[in-house]
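Asker: Residue numbers (the working numbering): 53 to 261.
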């Protein structure tokens, strides 16, 4: 397993795999897209893709941090748009399915209010929460929000999330080297941000004055 991950981060295919994982995790939130981004960024920051483990060491070329950032952010926006379009064109059957989900209904209401007031900070916060990206993207489409209302905030959320993930990997690699300890510390920090974002999303929306 360790050798496989080391070979992956040292291969040009890492960019395609990161992009595909980020693109699809709007539909399958269990995909480890953030972990992949952090692992590759950690190796890049340490100047080597050698991942020390009990099973040995595997080396390869160093991934490019700007390329990782670009792949992750672009794939995030494309995934958001795919979910948005799917929900927008889903018809009555999808509307009924969403209506059965209290979480999606609440997200629709809060997102609609936020976008109508010109503030889509909820979209950015949701990008860090577990499954929050899926809820908000599907909610925006099902509520038939205009794409020009949703897309800029989706892009901002993508850059914020990708920058945070790559930054965590970079700092972990600088401080702890390309080791599993560095990756683990960075992943914990990513999950901590997700927990805070999930808490914010669960809070009731403030009532208008």
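Glycine included, each C-beta is placed from N, C-alpha and C at the ideal position.
In this text, all values refer to a predicted model and were calculated from it rather than measured experimentally.
1. Does residue 185 pass the burial test, meaning 16 or more other C-beta atoms within 10 Å, or should it be called exposed?
2. Rounded C-beta distance between residue 176 and residue 220? I'm assuming under 8 Å.
3. From the DSSP output, in three-state form, read off residue 104 for me.
4. Determine the DSSP secondary structure at residue 202, reduced to helix, strand or coil.
5. With 16 as the cutoff for other CB atoms within 10 Å, does residue 251 come out buried or exposed?
6. Taking 8 Å as the cut-off, decide whether the C-beta atoms of residue 211 and residue 125 are in contact.
7. Assuming residue 117 contacts residue 222 under a Cβ cut-off of 8 Å, what Cβ separation, rounded to an integer in Å, is found between them?
8. Quick check on this structure: which residue in 95, 245, 137 has the alpha carbon closest to the alpha carbon of residue 192?
9. Leaving out five residues on either side along the sequence, give the residues of the same chain with a beta carbon under 7 Å from the beta carbon of residue 119.
10. Locate the alpha helix (DSSP H) running through residue 132, then write down its first and last residues.
11. Just the Cα atoms here: how many angstroms apart are residue 139 and residue 190?
12. Residue 178 lies in the alpha helix (DSSP H); which residues open and close that run?
13. Is residue 243 helix, strand or coil by DSSP?
14. Need the endpoints of the alpha helix (DSSP H) that residue 190 sits in, please.
15. Beta-carbon separation of residue 96 and residue 234 under 8 Å?
Answerer: According to the structure shown:
1. One-based indexing of the chain shown puts residue 185 at position 133. Buried, since its Cβ has 16 or more Cβ neighbours within 10 Å.
2. Counting from 1 along the chain shown, the entry for residue 176 is found at position 124. Counting from 1 along the chain shown, the entry for residue 220 is found at position 168. 17 Å between Cβ atoms; not a contact.
3. Here the question's residue 104 lines up with position 52 in the chain shown. Confidence is the limiting factor: at residue 104 the pLDDT is only 45, short of 50, which leaves the residue's position unreliable and the question unanswerable from this model.
4. Counted from its first residue, the chain shown places residue 202 at position 150. It is helical.
5. Counted from its first residue, the chain shown places residue 251 at position 199. Burial call: exposed.
6. Here residue 211 refers to the residue found at position 159 of the chain shown. Here residue 125 refers to the residue found at position 73 of the chain shown. Result yes, Cβ atoms of residue 211 and residue 125 sit closer than 8 Å.
7. For the purposes of this step, residue 117 is taken as residue 65 along the chain shown, with counting starting at 1. For the purposes of this step, residue 222 is taken as residue 170 along the chain shown, with counting starting at 1. Contact holds; Cβ gap of about 6 Å.
8. Along the chain shown, read from residue 1 onward, the residue named residue 192 stands at position 140. The residue with the shortest Cα to Cα distance from residue 192 is 137.
9. Residue 119 sits at position 67 when you count from the first residue of the chain shown. So the list reads 67, once near-sequence residues are dropped.
10. Taking the first residue of the chain shown as 1, we reach residue 132 at position 80. DSSP places residue 132 in the uninterrupted alpha helix (DSSP H) bounded by 117-140.
11. Position 87 of the chain shown, counted from the start, is the residue given in the question as residue 139. Position 138 of the chain shown, counted from the start, is the residue given in the question as residue 190. Distance between the alpha carbons of residue 139 and residue 190 is about 5 Å.
12. Along the chain shown, one-based indexing puts residue 178 at 126. Start and end: 173-178.
13. Residue mapping note: residue 243 aligns to position 191 of the chain shown, counting from 1. Note: residue 243 maps to helix in three-state DSSP.
14. Stepping through the chain shown from its first residue, residue 190 is reached at position 138. 184-194 is the span of the alpha helix (DSSP H), which, as asked, contains residue 190.
15. The residue labelled residue 96 in the question sits at position 44 within the chain shown. The residue labelled residue 234 in the question sits at position 182 within the chain shown. Residue 96 is not a Cβ neighbour of residue 234, given a cutoff of 8 Å.
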